[in-house]
Amino acid sequence: MNAQERQSRILALARQQGRVEVSTLATDLAVAPETIRRDLGVLERRGLLRRTYGGAYPVEGAGFETGLSERETLHVADKRRIAAEAVTLLGDAETVFVDEGYTPQLLAALLPGDRPLTVLTASLSTAAAVVDSPHTVLLLGGRVRSRTLATVGSWACAMLQGFVIDLAFIGSNGVSRELGLTTPDPVVADVKSKAMAVSRRHVFMGHHSKFGASSFCRFAEVGDFEAIVTDAGLSTSEAHRYSLMGPRVHRV
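With the first letter of the sequence shown counted as 1, position 114 gets the number 114 in UniProt numbering; the numbers rise by one all the way through.
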């Protein structure tokens, strides 16, 4: 197996598993750990992987996006803490947009039941998490994306256009200080952008692995958010850099 074949295999494994480890790859591919580290460096320079201590994870872009089933198995403890912290920012909001994705789905299940809310979402999974609550649930119409079980397209955007929403909980595939919030698919970006436009307040929530990554379609700037909620994997210094752009950064 030459270097190109080995790197293709590493990338495929990362996308399949959500993360790869240097030691495991070295054993499975019968090469030295240093060879794997060089391969990861090549893939990182190509914008396909992001290296972390002892391994790497895939970067989502126009050619690859993690499906909901994979997201439900990755960093679950971190995502639960993020969702629990984000829901404390609800304030006096009565109408809430909850984005697609696993962390927003966790947040939706945590919405307090002591007062009625109107919850809007493009996610079938998020709607299902709230449907037995005392809240009114509005599911946006449109084409359903099989990877994420979320609706997209002109119908979803047209429905959003008719609302004024108190608070939007937004996720993304990548967030960076230079490029803002990004997602691989233009139709997903359209829905997120429209939800931002019709909402008075905006809270971003996402795992620290999203930070510094960028994808194909930009839909918001960091300064558009009153708060960013992430896990403690985002360094204190980097959190401070994001806070200088406007939002309060919550590390949990």
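All C-beta atoms, glycine included, are put in the ideal place defined by N, C-alpha and C.
Determine the burial state of GLU60: buried for a count of at least 16 other Cβ atoms within 10 Å of its Cβ, exposed for fewer.
buried
Contact under 8 Å by Cβ, VAL249 with ARG81
no
Residue burial classification, ALA30 (beta-carbon count within 10 angstroms, cutoff 16)
exposed
Beta strand (DSSP E) containing ALA168: first to last residue?
165–170
Cβ-Cβ separation, SER193 to PHE225 (assumed contact under 8 Å), whole Å
In fact, because the Cβ distance is near 14 Å, the residues do not count as touching under 8 Å.
Does the segment 196–214 come close enough to the segment 163–181 that 3 or more CB-CB pairs lie under 8 Å?
yes
Once you ignore the five residues that flank MET245 on each side, which residues in its own chain have a CB closer than 7 Å to its CB?
ARG177, VAL222, GLY223
Would the beta-carbon of GLY180 fall within 8 Å of that of PRO104?
no
For PHE211, which residues from the same chain have a beta carbon less than 6 Å from its beta carbon, with the 5 sequence-adjacent residues on both sides left out?
VAL175, LEU234
Pairwise C-alpha distance: VAL187 and GLY91
30 Å
My output table needs one value for MET1: the three-state DSSP class, helix, strand or coil.
coil
Going residue by residue through the UniProt domain "HTH deoR-type" (3–58), where are the continuous beta strand (DSSP E) segments of at least 3 residues, counting only ones entirely within it?
49–52, 55–58
Around the C-beta of GLY41, are 16 or more other C-beta atoms found within 10 angstroms, so that it is buried, or is it exposed?
exposed
Could you compute how far the alpha carbon of THR66 sits from the alpha carbon of PRO58?
9 Å
Distance check for HIS207 and THR35, CA to CA, integer angstroms please.
29 Å
Would you mind listing the beta strand (DSSP E) stretches within the segment 77–118 that are 3+ residues and don't spill past its ends, in chain order?
95–98
Helix or strand or just coil, what does DSSP make of VAL130?
helix
Around the Cβ of PRO247, are there at least 16 other Cβ atoms within 10 angstroms (buried) or fewer (exposed)?
buried
Distance between beta carbons of LEU149 and SER125, contact taken as under 8 Å:
5 Å
Compare the beta carbon distance of GLU44 and ALA56 with 8 Å and say whether it is the shorter of the two.
yes
With a 10 Å radius around its C-beta and 16 neighbouring C-beta atoms as the bar for buried, classify PRO184 as buried or exposed.
buried
Whole angstroms is fine: what's the gap from ALA122's alpha carbon to LEU48's?
28 Å
Beta strand (DSSP E) segment containing residue 333, residue limits:
The chain is shown only over 1 to 252; residue 333 falls outside these bounds and no answer can be derived.
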